[in-house]
Amino acid sequence: MRKPIFPLIAFAGVTLFTACERASTTADPTGSTTPSEQERAWAERTFTATLQVPTPAHSISIQEVWQVRDQVWIWARVAHSEGMAAQVITESTDSVTLQAPPGNARYFVSGITWNWGELPEGYQRVTDEQPFQPETQGGTKLYPAKE
Numbered sequence: 007m008r009k010p011i012f013p014l015i016a017f018a019g020v021t022l023f024t025a026c027e028r029a030s031t032t033a034d035p036t037g038s039t040t041p042s043e044q045e046r047a048w049a050e051r052t053f054t055a056t057l058q059v060p061t062p063a064h065s066i067s068i069q070e071v072w073q074v075r076d077q078v079w080i081w082a083r084v085a086h087s088e089g090m091a092a093q094v095i096t097e098s099t100d101s102v103t104l105q106a107p108p109g110n111a112r113y114f115v116s117g118i119t120w121n122w123g124e125l126p127e128g129y130q131r132v133t134d135e136q137p138f139q140p141e142t143q144g145g146t147k148l149y150p151a152k153e
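Plus 6 on top of the position in the sequence shown (first one is 1) and you've got our numbering.
See below:
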């Protein structure tokens, strides 16, 4: 006596369809590391990078904000504008406000060319030998958002 094969084919088809549907709703076809809409429901937070710089011609600007595990990493860069400037220690500040997860903020600063003064608590100098690479730690970019 032959056993009906239709129930087996139907079961396999439903299982395959369910697996494909589940994969299509959870996978990001663009490969983007931009947070999902659900993650964007976080509270609005302001991140401020402040640093003592050698002249008013130096300025700090926040380049990127990342979620890395239970922390928020902020990469800021110090730039020096052309021209003359008074040789007086100045405080430079930049801020961004965005929806971000709770957690401690860690600041990574590149472009520091002087060798005096202490960095504020929670700040770390970034050099070419030690680049800022949060994506290698499983980070998710929050700012600037991908367009």
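Quick reminder that beta carbons are idealized off the backbone N, C-alpha and C, glycines included.
Of the residues the options, the one placed nearest residue i, counting alpha carbons only
i: Val84; options: Val71, Glu127, Pro60; result: Pro60
i: Gly117; options: Phe138, Gln93, Ile95; result: Phe138
i: Ala47; options: Ile66, Ala55, Pro107; result: Pro107
i: Ser101; options: Ala49, Tyr149, Thr54, Gly123; result: Thr54
i: Gln73; options: Ser87, Ser65, Arg51; result: Arg51
i: Arg131; options: Thr103, Thr146, Lys147, Arg112; result: Arg112
i: Tyr129; options: Thr142, His64, Val71, Ile80; result: Ile80
i: Gln105; options: Leu148, Thr99, Thr96, Gln69; result: Leu148
i: Pro140; options: Ile68, Ile66, Val78; result: Val78
i: Pro150; options: Gln69, Thr119, Val94; result: Gln69
i: Thr133; options: Asn121, Gln143, Gly144, Glu127; result: Asn121
i: Thr103; options: Gly144, Val71, Ile66; result: Val71
i: Ile66; options: Thr96, Gln143, Glu135; result: Thr96
Boundaries (first-last residue) of the beta strand (DSSP E) holding residue i
i: Gln105; result: 96-105
i: Thr54; result: 50-59
i: Ser67; result: 64-74
i: Ala82; result: 77-86
i: Asn121; result: No beta strand (DSSP E) holds Asn121; DSSP gives it neither H nor E.
i: Ala111; result: 110-116
i: Thr146; result: 146-149
i: Gln130; result: 129-132
Residue j beta carbon less than 8 Å from that of residue i
i: His98; j: Leu57; result: Here the sequence assigns Ser to residue 98, which means His is not the residue at that position. It is a contact, given that the beta carbons lie within the stated cut-off.
i: Asp76; j: Gly123; result: no
Presumed contact (8 Å Cβ cut-off) between residue i and residue j, rounded CB distance
i: Val115; j: Ala82; result: 5 Å
8 Å Cβ cutoff, residue i in contact with chain B
i: Glu135; result: Among the chains of the structure shown, chain B does not appear; only one protein chain is present.
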